[in-house]
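Per our numbering, the very first residue in the sequence shown carries number 27; after that it's consecutive.
A quick write-up on the structure given underneath.
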Amino acid sequence: MFFKKNRQPGWLALSLNPSSVDLVHVKRAAGGKPEVTLCDTYRKEGSDAATLARLRQEFKLDRYRCTTLLKSSDYQIHPVDAPNVPAAEMKAAVRWRVKDMIDYPLDAATVDVLDIPDDQDAPARNHSVYAVTARNSVIESCIKPFNEAQVALEAIDIPDLAQRNIAALFEREERGVAMLAFYADEMILTFTRGGELYLSRRIESPLAQLLQADAGRRNQHFERIALEVQRSFDHFNDQYSHVPIAKLLLAPLPQDIGLQQYLASNIDVPVETVDLGTVMDFPDVPELEHPARQSQCLQTIGAALRAEEAAA
27 MFFKKNRQPG WLALSLNPSS VDLVHVKRAA GGKPEVTLCD TYRKEGSDAA
77 TLARLRQEFK LDRYRCTTLL KSSDYQIHPV DAPNVPAAEM KAAVRWRVKD
127 MIDYPLDAAT VDVLDIPDDQ DAPARNHSVY AVTARNSVIE SCIKPFNEAQ
177 VALEAIDIPD LAQRNIAALF EREERGVAML AFYADEMILT FTRGGELYLS
227 RRIESPLAQL LQADAGRRNQ HFERIALEVQ RSFDHFNDQY SHVPIAKLLL
277 APLPQDIGLQ QYLASNIDVP VETVDLGTVM DFPDVPELEH PARQSQCLQT
327 IGAALRAEEA AA
């Protein structure tokens with residue numbers, strides 16, 4: 027009870043990387059910008075559990091709601107026709123729907139459900155949801171170092187939703203946004219409106235490969251990216267013609283390589299480079315003014331933007 031009364035508002039997200047741990051704490055204020063109060067990266071010393079135990083003591087992590095992220099390779103997202111059941115029974119019903127979509131026994135699966143908003147002005151049609159599936163063993167492996175370090179996890183999120191949380195900050199006037207972000211091994215393209223995820227695509231495209239390419243190779247990468255993005259827009263417009271997309275958000279990159287200018291000349295919507303400083307406050311974390319730092323911590327910041335009401 028003591029810790030619940032003295033808990034910090036908001037969420038603290040921890041991302042376990044191969045050689046480091048990122049920590050981000052975000053507070054949300056009603057009617058104001060979210061505030062990043064903490065954004066640090068610490069080198070691992072010993073195992074994940076040993077590093078987390080050290081951070082638990084240093085940051086008094088029991089004062090926070092803690093969350094972490096699965097890796098993209100650890101889960102799948104399946105579009106599913108929503109069963110005609112009460113909301114309280116939806117997850118159990120969807121669980122049975124995905125049994126033929128996964129290549130392991132249903133008893134070995136963890137399943138969660140994301141709603142896809144309907145078109146309120148269209149004739150009634152089959153409602154769709156996304157089923158997010160992961161092996162139980164993956165979830166257990168994710169939780170294990172936190173348990174060993176006595177860090178209580180209250181949520182486990184996925185990168186697609188972390189990116190959605192950031193994109194939602196840039197939405198205006200009931201129009202949706204697409205967001206393209208690059209991570210270590212892939213790029214993720216999301217389409218959101220009203221803070222809801224309508225579509226997510228993960229495309230293999232290592233960030234280091236893009237940054238280190240010479241001019242000729244980089245232009246080939248740009249062509250492929252533009253083609254994938256335009257195809258995704260075409261597919262989205264076919265599926266969700268009732269959702270107007272105002273712009274494509276390009277997540278910050280460690281360095282300017284001309285991608286924003288290229289996409290702006292080859293994509294049918296305005297392209298805007300994300301600056302988190304326009305939608306968030308971080309007075310005590312000045313390093314976040316730099317695009318490279320925003321790029322490095324983007325997913326962890328998105329995870330820490332998890333809504334307050336999502337807490338268990």
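For each residue, glycine too, the CB sits at the ideal point set by N, CA and C.
The alpha carbon of G58 has as its nearest neighbour, out of H261, L223 and L195, the alpha carbon of L195. In the assembly as shown, L49 is a buried residue. Its beta-carbon has 16 or more other beta-carbons within 10 Å. In the structure shown, M213 adopts extended strand secondary structure according to DSSP, grouped into three states.
Assigned with DSSP and collapsed to three states, H268 falls in coil, not helix or strand.
A direct Cα-to-Cα measurement between Q83 and Q176 gives close to 10 angstroms. K273 carries a strand assignment under DSSP once its states are collapsed to helix, strand and coil.
Runs of beta strand (DSSP E) with 3 or more residues, each lying fully within the segment 149 to 221, are found at 154 to 161, 179 to 183, 202 to 208 and 212 to 219, listed in chain order. Between T67 and H51, the CB-CB gap reaches or exceeds 9 angstroms.
When C-beta atoms of the segment 72 to 88 are compared with those of the segment 107 to 115, fewer than three pairs fall below 8 angstroms, so the two segments do not count as touching. Y68 sits in a strand when the DSSP states are folded into three classes. In the DSSP assignment, W37 is bridged to V52 and R91. Minimum Cα-Cα distance from P278 among the listed residues S321, Y156 and H268 corresponds to S321. In the three-state scheme derived from DSSP, where H, G and I count as helix and E and B as strand, L78 is classed as helix.
Distance from the CA of R54 to the CA of L38, rounded to the nearest whole angstrom, comes to 12 angstroms.
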